[in-house]
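Colleague: Starting off with a structure, shown below.
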Amino acid sequence: MGTTVISGGTDGLGRALAAHQLRAGETVVVIGRDAGKFRTLAAIAPGRAHFVQADLRLVQENDRVATHIAERHPRIDTLFLAAAHVVRGRNLTTEGIEHNLALYALSRHVLADALLPQLSAATRPVIINTAVPGAPRTAIRWDDLTLAGAYSWRTANHQSRRANELSGLALTKAEPRLKYVLYNPLFVRSSLSGDLSPAHRALTRVLFRLAPTPEQALTPILALLTDPPAGRLSAYTKKKRLPLEITPEDHAEALRWTELTTRLRAGL
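In terms of our numbering, the sequence shown opens at residue -17 and continues consecutively.
Put into structure tokens, the structure is as follows:
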């Protein structure tokens, strides 16, 4: 059987996938903040369930986690990127990086890039990134990545989404056999981790009552893992495949993103 690594695997879709994979006989590595939430997952298959505690907002933590996993798991078949923690106001990590870019983009790129040799050892390596595809091509503020000049949650969200698209382009160029899926599950019931105002939290709770459970929302994801899509980079909203128009300018910007992340990692 294979090995699945899941960031954000103690809640929501990540947890549902971890439980499914463990019951299917897979080895599963969950990366998260709360070891307590992992205990019931570990009980499913004590010998095959592993937990790595980390604050994935920090680039150095992602590199540490990747090194830890790589030393113990020489082959990774699936990398599922779903760590989430909502912060709507402008907030910088202790490394000086804007929260949304740090957690929703940099973390996912650093983990995937650092684990690329282990993914390359698999017959059919797949990365599923729960980043919403379709950000504007101009979304990254290259001269003001912390958005000090003009911050809004929408601007920060678009910037991290675009960065994930560039990451997918860069990683599939580095490993042509890799299938990289940008996947938008829409609303799925979860624990609402994050800094939400009472009004936003109340609205989200109402929406969640109408949303599928993580187990119900998992079906299209399992289909993508069983039968990965054609093409190196693809985008989905639930079961619907979205068109991706990749230009030479996109590839050039993906290289710029890779060079930026390399400099950041070297400088920390």
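Every residue, glycine too, gets a C-beta built ideally from N, C-alpha and C.
Use the C-beta contact count for LEU250: other C-beta atoms within 10 angstroms, 16 or more gives buried, fewer gives exposed.
Modeller: Classification for LEU250: exposed.
Colleague: Have a look at ARG5 and ALA(-2) and give me their C-alpha separation to the nearest angstrom.
Modeller: Straight-line Cα distance between these residues: approximately 11 Å.
Colleague: Taking the alpha-carbon positions, what's the ILE228 to ALA234 distance?
Modeller: Distance from the CA atom of ILE228 to the CA atom of ALA234, rounded to whole angstroms, is 11 Å.
Colleague: Is the separation between the beta-carbon of ARG57 and that of ALA27 shorter than 8 Å?
Modeller: no
Colleague: Taking the alpha-carbon positions, what's the ALA145 to THR112 distance?
Modeller: 13 Å
Colleague: So GLY88 packs on ILE79, CB below 8 Å; how close in whole Å?
Modeller: Per the sequence presented here, residue 88 reads as Leu, with Gly not at that position. Sure, about 6 Å apart at Cβ, within 8 Å.
Colleague: To the nearest angstrom, report how far apart ALA0 and VAL163 are at their CA atoms.
Modeller: 18 Å
Colleague: For VAL68 and ALA24, I'd like the C-alpha separation in whole angstroms.
Modeller: 26 Å
Colleague: Can you look up ALA216 in the DSSP assignment and give me helix, strand or coil?
Modeller: Contrary to the premise, residue 216 reads as Ser rather than Ala in this sequence. Reduced to three states, the DSSP call for SER216 is strand.
Colleague: Tell me, please, which residues DSSP counts as bridged to LYS222.
Modeller: THR219
Colleague: Relative to the alpha-carbon of ASP59, which residue among THR208, ARG247, ALA121 has its alpha-carbon at the smallest distance?
Modeller: THR208
Colleague: Does the beta-carbon of PHE169 have 16 or more other beta-carbons within 10 angstroms, so that it is buried, or is it exposed?
Modeller: The residue is exposed, with fewer than 16 neighbouring Cβ atoms inside 10 Å.
Colleague: Hey, which unbroken runs of the beta strand (DSSP E) at 3 residues or more fall wholly within the region -6 to 47?
Modeller: Here the runs fully enclosed are 9 to 14, 31 to 35.
Colleague: Just tell me which of LEU160, ALA52, LEU61, TRP124 has its CA closest to the CA of PRO83.
Modeller: According to the sequence displayed, residue 83 carries Leu and not Pro. Nearest Cα to LEU83 within the set LEU160, ALA52, LEU61, TRP124: TRP124.
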